[in-house]
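S.K.: The numbering of the sequence shown is the numbering used here, which starts it at 89 and goes up by one.
All C-beta atoms, glycine included, are put in the ideal place defined by N, C-alpha and C.
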Amino acid sequence: MGNTKYIMSTGELTRKDNSLCYRKGGKNIYLPIENVREIYCMNEISVNTKLLDFLASHNIMVHFFNYYEGYSGTFYPKNQYNSGKLIVKQVEKYQNDRLIIAKAFVKGIAANIDETLYHYYKHDKKEVKGTIDWIRKKAVNLIEKARDIPALMSVEGEMWLRFYSDFKYFLPEDFIMNKRV
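1. In the DSSP assignment, what are the bridge partners of Ile289?
2. Using the rule of at least 16 other Cβ atoms within 10 Å of the residue's Cβ for burial, across every protein chain shown, is Ile127 buried or exposed?
3. When the distance is taken between beta carbons, is Lys104 closer than 8 Å to Tyr94?
4. Under a three-way DSSP split, which group does Gly196 fall into?
5. Can you name the start and end residues of the beta strand (DSSP E) that Glu126 belongs to?
6. From the DSSP secondary-structure annotation, give me the bridge partner or partners of Gly161.
7. If the criterion is Cβ atoms closer than 8 Å, does the pair Arg111 and Ile148 meet it?
8. With a 10 Å radius around its C-beta and 16 neighbouring C-beta atoms as the bar for buried, classify Gly113 as buried or exposed.
9. Am I right that Phe258 and Tyr208 are in contact with their C-beta atoms under 8 Å? What's the rounded C-beta distance?
10. What does the Cβ neighbour count give for Ala234, buried or exposed, with the cut at 16 atoms within 10 Å?
11. Based on DSSP bridge pairs, tell me the residues matched to Tyr94.
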């Protein structure tokens with residue numbers, strides 16, 4: 089991997105054979121392409137498409153700044169391996185991994201709600217049995233069958249709704265919970 093190169097004065101950057109050629113004031117300065125990772129052009133620099141194609145083939149970025157060192161933009165080489173199909177596959181992989189992780193979170197929520205309600209069930213709050221059974225039988229299956237994040241969020245929402253509706257069985261009567269805080 090090469091170094092970062094800084095060009096501080098006005099000039100022209102071109103390709104000469106398989107090297108970079110910086111021309112300023114009638115002088116040529118040659119830079120072997122293997123020694124360059126990225127280039128910062130800190131002044132007015134002229135370039136051409138032949139140079140940009142050459143830089144792209146070597147995966148070299150060029151950052152451009154104007155005469156007053158204000159940022160103008162960056163030339164990013166095209167990723168030569170990314171076809172449309174590859175990008176779609178990468179997105180699908182990301183979505184699948186995301187769904188696996190989200191399912192693990194929702195399963196953890198289900199286990200915690202089940203454990204909490206079972207504590208009250210053991211202490212004679214038999215009214216929560218319906219929610220416990222729903223979580224153990226139906227919710228776990230719904231989590232596994234969820235094909236996307238919105239479907240999984242729906243299952244999670246129903247779990248929380250059932251859990252909050254069971255609060256009336258084990259919280260004191262004067263405890264009012266009319267909104268989420």
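M.R.: Walking through what the data contain:
1. Any property of residue 289 remains undetermined from this structure, which presents the chain solely from 89 to 269.
2. Along the sequence shown, one-based indexing puts residue 127 at 39. Buried is the call here.
3. Mapped onto the sequence shown, residue 94 falls at position 6. Mapped onto the sequence shown, residue 104 falls at position 16. Not in contact: Tyr94 and Lys104 (Cβ atoms no closer than 8 Å).
4. Here residue 196 corresponds to residue number 108 of the sequence shown, with the count starting at 1. Gly196 carries a helical assignment under DSSP once its states are collapsed to helix, strand and coil.
5. Along the sequence shown, one-based indexing puts residue 126 at 38. For Glu126, the uninterrupted beta strand (DSSP E) segment begins and ends at 124-129.
6. The count along the sequence shown starts at 1 and reaches residue 161 at position 73. Per the DSSP secondary-structure output, Gly161 pairs in a beta bridge with Phe152.
7. By one-based count along the sequence shown, residue 111 stands at place 23. By one-based count along the sequence shown, residue 148 stands at place 60. No, the Cβ-Cβ distance between Arg111 and Ile148 is not below 8 Å.
8. As a first step, residue 113 is located in the sequence shown; it is residue number 25 there, counting from the start. With fewer than 16 other Cβ atoms inside 10 Å of its own Cβ, Gly113 counts as exposed.
9. Here residue 258 is taken as the residue at index 170 of the sequence shown, counted from 1. Here residue 208 is taken as the residue at index 120 of the sequence shown, counted from 1. With a Cβ gap of about 5 Å, Phe258 and Tyr208 count as contacting.
10. By one-based count along the sequence shown, residue 234 stands at place 146. With 16 or more other Cβ atoms within 10 Å, it is buried.
11. Residue mapping note: residue 94 aligns to position 6 of the sequence shown, counting from 1. DSSP output for Tyr94 lists Tyr128 as bridge partner(s).
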